[in-house]
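Protein chains in written order, with the numbering used here: chain A, 108 to 466; chain B, 63 to 542. Backbone N, C-alpha and C fix where the C-beta goes; we use that ideal spot for every residue, glycine too. Take a look at the structure below.
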Amino acid sequence: MRTALVFHPRYLLHEQSREHPERRERLSYTVDQVREEGLFDHPQILTLTPKKAPWDAVAKVHIPEYLRFLEEASKSGGFIDFDTTIPPGLFSSALLAAGGALRAADAVISGEAQNAFALVRPPGHHARPGTGAGFCYLNNVAIMTRYVQEKGIRRVMILDWDAHHGDGTQQIFYEDPSVLFTSIHQWPFYPGSGSTDEIGSGKGEGFTANMPVPAGTGDESYHFLFDCVIAPLAHEFSPDLIAISAGQDNHFTDPLTGLALTARGYADLMKKAVDLAEILCGGRLVAVLEGGYSVEGGLPYTNLGIIAAMAGLDLSNIREPEGYREWLVRARDPFAHAKVREHAAALRTNLSPYWRCFA
Amino acid sequence: MLIGMDVGGTNTDVAMVDDGITSLKVPNTLGIRHVLGSIRRTGRLAVSTSTPLNRVLTGPPVKVQTILIPGPGLFWPGSIRGAVNHRGDIVEGIDREEVDVALADRGDVLAIAGKFSVRNPSLEQEVAARALHHYPEEKISLSHPLCALNFPARVATTRLNARIREAVTRLTEEIGAEYRDFLFFKGDGGLIPPDYAVSNPSVLYRSSAAAVALGAYYLSGEAECLVVDFGGTTTDLVALSGGRPVMETLVYDGGRTVTTAVAAESLPYGGDSLIEGGLCPTRVGNALAFGGNRPTLTDALNATGCEIGDAASSRGITRLTGLEVLEEYYSHVSQAVEAHGARRLVGTGYLAPFLLPEIARRTGAFMIIPPHWDCANAVGVAISRVSLTLYARFDSGRGLVVFNGEPEVLRKMGDDEAVLDRCREEVQQRALAAGADPCDVEDVQVLFFHTYDVIRSAYRSARIADVVVQIAPGITAEAP
Numbered sequence: 108m109r110t111a112l113v114f115h116p117r118y119l120l121h122e123q124s125r126e127h128p129e130r131r132e133r134l135s136y137t138v139d140q141v142r143e144e145g146l147f148d149h150p151q152i153l154t155l156t157p158k159k160a161p162w163d164a165v166a167k168v169h170i171p172e173y174l175r176f177l178e179e180a181s182k183s184g185g186f187i188d189f190d191t192t193i194p195p196g197l198f199s200s201a202l203l204a205a206g207g208a209l210r211a212a213d214a215v216i217s218g219e220a221q222n223a224f225a226l227v228r229p230p231g232h233h234a235r236p237g238t239g240a241g242f243c244y245l246n247n248v249a250i251m252t253r254y255v256q257e258k259g260i261r262r263v264m265i266l267d268w269d270a271h272h273g274d275g276t277q278q279i280f281y282e283d284p285s286v287l288f289t290s291i292h293q294w295p296f297y298p299g300s301g302s303t304d305e306i307g308s309g310k311g312e313g314f315t316a317n318m319p320v321p322a323g324t325g326d327e328s329y330h331f332l333f334d335c336v337i338a339p340l341a342h343e344f345s346p347d348l349i350a351i352s353a354g355q356d357n358h359f360t361d362p363l364t365g366l367a368l369t370a371r372g373y374a375d376l377m378k379k380a381v382d383l384a385e386i387l388c389g390g391r392l393v394a395v396l397e398g399g400y401s402v403e404g405g406l407p408y409t410n411l412g413i414i415a416a417m418a419g420l421d422l423s424n425i426r427e428p429e430g431y432r433e434w435l436v437r438a439r440d441p442f443a444h445a446k447v448r449e450h451a452a453a454l455r456t457n458l459s460p461y462w463r464c465f466a
Numbered sequence: 063m064l065i066g067m068d069v070g071g072t073n074t075d076v077a078m079v080d081d082g083i084t085s086l087k088v089p090n091t092l093g094i095r096h097v098l099g100s101i102r103r104t105g106r107l108a109v110s111t112s113t114p115l116n117r118v119l120t121g122p123p124v125k126v127q128t129i130l131i132p133g134p135g136l137f138w139p140g141s142i143r144g145a146v147n148h149r150g151d152i153v154e155g156i157d158r159e160e161v162d163v164a165l166a167d168r169g170d171v172l173a174i175a176g177k178f179s180v181r182n183p184s185l186e187q188e189v190a191a192r193a194l195h196h197y198p199e200e201k202i203s204l205s206h207p208l209c210a211l212n213f214p215a216r217v218a219t220t221r222l223n224a225r226i227r228e229a230v231t232r233l234t235e236e237i238g239a240e241y242r243d244f245l246f247f248k249g250d251g252g253l254i255p256p257d258y259a260v261s262n263p264s265v266l267y268r269s270s271a272a273a274v275a276l277g278a279y280y281l282s283g284e285a286e287c288l289v290v291d292f293g294g295t296t297t298d299l300v301a302l303s304g305g306r307p308v309m310e311t312l313v314y315d316g317g318r319t320v321t322t323a324v325a326a327e328s329l330p331y332g333g334d335s336l337i338e339g340g341l342c343p344t345r346v347g348n349a350l351a352f353g354g355n356r357p358t359l360t361d362a363l364n365a366t367g368c369e370i371g372d373a374a375s376s377r378g379i380t381r382l383t384g385l386e387v388l389e390e391y392y393s394h395v396s397q398a399v400e401a402h403g404a405r406r407l408v409g410t411g412y413l414a415p416f417l418l419p420e421i422a423r424r425t426g427a428f429m430i431i432p433p434h435w436d437c438a439n440a441v442g443v444a445i446s447r448v449s450l451t452l453y454a455r456f457d458s459g460r461g462l463v464v465f466n467g468e469p470e471v472l473r474k475m476g477d478d479e480a481v482l483d484r485c486r487e488e489v490q491q492r493a494l495a496a497g498a499d500p501c502d503v504e505d506v507q508v509l510f511f512h513t514y515d516v517i518r519s520a521y522r523s524a525r526i527a528d529v530v531v532q533i534a535p536g537i538t539a540e541a542p
């Protein structure tokens, strides 16, 4: 069994409000696509049902004051910010999402599966130790990272490719040299952080690598960044597990962002990550769903591409319907790649004191 | 009057159930019309036909031509252009010339399957319309009537259906000529009208095993047991849990199908198994005791003192040979029974009283041979009830509701309860139209329900609901 798919029907039900971008509809078409492709009973895929994450595991990342607030506010509803309200029952939904990441990690550590994708909602990468933000409540990837470290997986490399900078995850591990945090994100953009100057601090200095990209950035630039920044860093860091904050809002159809990645671009990117994990850490790779708001036109194709790449399936037909071509042409900015190279060069310079590969 | 008919390998068993149970056993050589003619009673007829269908599947190889319309997604070799998306919209049309070229590579039967055809069948139907120039309708199977999302499983099921659809169509015509409103018995123990069976004949697979399971439960009242059915060609084991047979997904040609059926273990030894240097897992004809030319397991029983059929004709077998052959049989079956770990055995089939006691002794299980053990299969068919599953997809944005792969105009969707009520009513009406007893349709189970708003430009523009409801298989309220 190659790939574990962690899913719970309750992941479809969380909703801040009926019109919120992070709503029930978000994963419904993806699940239809995955079901129609037969992936829930594919011989190379193991479908796993998660449980709620235990308080102790969550408390390794979030302060108890915040957890108690979240638990209390979830009883009748509450408010963090205008993007992130607390609907009744939220705490339970958030714990189940974090539990999905843990179940995925368990599958990979135990050898049940080589890699795993937790198709969770709500997402997590903006959540900081003391607060939620940007549709996120509990930082699923961070909770999972601390969890695997307790189980003896010492060095974790996080690749956050969500279109928004994973500020919560960055903050949690900013001073920690056992976690290499890398992020490709649209910039300038929400949440505003994620410049090439933010490289970690204290013992963690040099262990944060931000790759900001302008609107209109497409497949070519993502692959360039993977080959020129992420892969060299990974080889030198030599992780015991690769975690991916898999935000699918870089797709050219996403209504909240301005990037231009295709479904095939996502699949090929994941294929590179899977290959890297095979070379560096016995294939141990855990992907956790983050954002992605092109619920009907994008997510079914991107999520499918990611799963197919993880399971080692043929990617040649991973694509959007033919009618999307003009949309993609409009989304791409031909000048974006030059900017990406410029930022990458700046980053390599900033990180050169810490990494031989950039010296 | 409830009439059940199970077409087996050698004979057709018929049971007529009202205040009492009467049964008939008619050799298949006389033909199905003869069997129907010999019933001479009016009532609801239900027919189980898995054995003849099995014979089609295990018969001479048939070239199944498969035309796939997968659209974007996982790669399928040999597919044609065209795509329906998850919402049911046609996002890529088919290329008619390409379809015609594909059809020129003719097979014996044709399977057509498109991804998301259960949301919009029109591309499959378009290909099927062109295929009618090359194949008669009964040799073409489509995937959208299979209702469930799971393209690979629908492909496997459609290929299986393509192989047996013609046989089911013929049977429907033949039985329908005598009994207009008959029902087919499914492999999950429920009944369906013939048109359902013709569009998805895979559901008839393993119906004989399901018939035995239901009949054994009805006649014995044993809810937790292993049913051991002693047939002419095979001995079948079916586990009952909570009075229902354990179910499993059918696998055909190495692929999982969308169809579930009774989990049955079939051992290739029965009363007609040939004795030739030991017990052979083959049937060449009847036992000597029933006019055959060569000795079988039944003759071995006679050689050890039983009186079955014309016992004197079994003399060709010595007592010693009889004992050896029976030892071989008991050893095979006891081993298989033991693997199930059952504490209670229910025996059915004509030879049950002769063979089950020794198997029970060897396995240490408690043994029950219910009344009418020799026609439990046909009784199971007779006392079954109409069982339908309805897959519904409501999409107010498209103004459509798709019931079992067939779109209809959706005038008003209503709230969640209204959607569920509509589905319950729809499946009840369909079951009543198929001849279900009104008491049997009262309990509609909701197997799946998911609903969500469609938000476009920050406004609610539509609502979608996916629902699966079922009138579960079981024993009809009409059964005495």
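A/H272 classed as buried or exposed, judged by whether at least 16 other C-beta atoms fall within 10 angstroms: By the neighbour-count rule (16 or more Cβ atoms within 10 Å), A/H272 is buried.
Inter-stretch contact (C-beta, 8 Å, three-pair minimum) for the segment 440 to 448 of chain A and the segment 405 to 415 of chain B: By the Cβ rule, the segment 440 to 448 of chain A does not count as touching the segment 405 to 415 of chain B, because fewer than three pairs are nearer than 8 Å.
Interface flag, A/L396 vs chain B, CB-CB below 8 Å: By the rule that beta-carbons nearer than 8 Å mark a contact, A/L396 does not touch chain B.
A/V263 vs A/L348 beta-carbon contact at 8 Å: Going by C-beta atoms, A/V263 is nearer than 8 Å to A/L348.
Near-chain B residues of the segment 184 to 204 of chain A (beta-carbon distance less than 8 Å), N- to C-terminal order: Taking 8 Å as the Cβ-Cβ cut-off against chain B, none of the residues of the segment 184 to 204 of chain A qualify.
Alpha-carbon spacing of B/G442 relative to A/V168, whole angstroms: Going by the C-alpha atoms only, they are around 60 Å apart.
Outcome for B/Y521 when other beta-carbon atoms lying within 10 angstroms are tallied against a minimum of 16: With fewer than 16 other Cβ atoms within 10 Å, it is exposed.
Nearest residue (CA-CA) to B/N262, options B/L64, B/C209 and B/T297: Comparing Cα-Cα distances from B/N262 to each of B/L64, B/C209 and B/T297, the minimum goes to B/C209.
Simplified DSSP state of B/L211, which is helix, strand or coil: Three-state DSSP puts B/L211 in coil, outside helix and strand.
Span separating the alpha-carbon of B/L482 from that of B/P542: Their backbone Cα atoms lie some 32 Å apart in a straight line.
A/C388 burial status per 10 Å Cβ neighbour count (16 or more: buried): The residue is buried, with at least 16 neighbouring Cβ atoms inside 10 Å.
Expected contact under 8 Å - CB spacing of A/D375 and A/S401 to nearest Å: Your pair A/D375 and A/S401 does not check out as a contact, with CB atoms roughly 19 Å apart and the cut at 8 Å.
Contact list for the segment 211 to 233 of chain A against chain B, Cβ threshold 8 Å: If the cut-off is 8 Å between Cβ atoms, the segment 211 to 233 of chain A has nothing near chain B.
Proximal chain A residues relative to B/D457, where beta-carbon distance stays under 7 Å: Chain A residues near B/D457: none, gap ~12 Å exceeds 7 Å.
Where A/V141 sits in the DSSP three-state scheme: DSSP, reduced to helix, strand and coil, places A/V141 within a helical segment of the structure shown.
Below-8 Å beta-carbon distance, B/Y514 vs any chain A residue: For B/Y514, at least one C-beta of chain A is nearer than 8 Å to its own C-beta.
7 Å Cβ shell around B/H394 - same chain, five flanking residues per side excluded: Around B/H394: L329 and Y331.
Interface positions of the segment 140 to 168 of chain A facing chain B (Cβ-Cβ less than 7 Å), listed along the chain: Considering only beta carbons, the part of the segment 140 to 168 of chain A lying closer than 7 Å to chain B consists of Q140, R142, E143, E144, G145 and D148, in chain order.
Span separating the alpha-carbon of B/G497 from that of B/G367: The alpha-carbon atoms of B/G497 and B/G367 are separated by roughly 48 Å.
Contact list for A/A415 against chain B, beta-carbon separation under 7 Å: Going along chain B in sequence order, the residues near A/A415 (Cβ under 7 Å) are L136.
Opposing strand residues paired with B/F137 [DSSP bridges]: None; B/F137 has no bridge partner.
Partner residues on chain A for B/I131, Cβ-Cβ distance less than 9 Å: Residues of chain A passing the Cβ test: none, with the nearest at roughly 12 Å.
Cβ separation of B/P307 and B/G251, assumed to be a contact under 8 Å, to the nearest whole Å: Confirmed, Cβ separation roughly 6 Å.
Simplified DSSP state of A/I187, which is helix, strand or coil: Secondary structure of A/I187 (DSSP, three-state): strand.
Range of the contiguous beta strand (DSSP E) that encloses A/K446: Bounds of any beta strand (DSSP E) do not take in A/K446; it lies within the alpha helix (DSSP H) bounded by A443 to L458.
Beta-carbon neighbours of B/R522, restricted to chain A and to distances below 7 Å: Here the neighbours are R125 and E126.
Reference A/A223; option with closest CA among A/P195, A/I152, A/S290 and A/L177: Ranking the options by Cα distance to A/A223, first place goes to A/I152.
Chain-ordered neighbours of A/Y408 on chain B, where CB pairs are closer than 7 Å: Contact note: A/Y408 reaches chain B through P134, using a C-beta cutoff of 7 Å and chain order.
Outcome for B/E186 when other beta-carbon atoms lying within 10 angstroms are tallied against a minimum of 16: Per the 10 Å Cβ criterion, buried.
Test: B/R318 CB closer than 8 Å to a CB of chain E: Absent from the structure: chain E. Protein chains present are A and B.
Distance, B/R158 Cα to B/A164 Cα: For B/A164 and B/R158, the distance between alpha carbons rounds to 10 Å.
Beta carbon proximity, B/I370 to chain A, threshold 8 Å: Not one chain A Cβ lies under 8 Å of B/I370.
Length of the line joining the Cα atoms of B/L172 and B/R225: Counting only the Cα atoms, B/R225 lies some 8 Å from B/L172.
C-alpha distance - B/I517 paired with B/I526, whole-angstrom precision: Rounded to the nearest angstrom, the two C-alpha atoms are 11 Å apart.
Under 8 Å from the C-beta of A/R130: neighbouring residues of chain B: Under a criterion of Cβ atoms nearer than 8 Å, the residues of chain B adjacent to A/R130 are, in order, Y514, D515 and I517.
Under 7 Å from the C-beta of A/G399: neighbouring residues of chain B: Under a criterion of Cβ atoms nearer than 7 Å, no residue of chain B is adjacent to A/G399; the nearest Cβ is some 14 Å distant.
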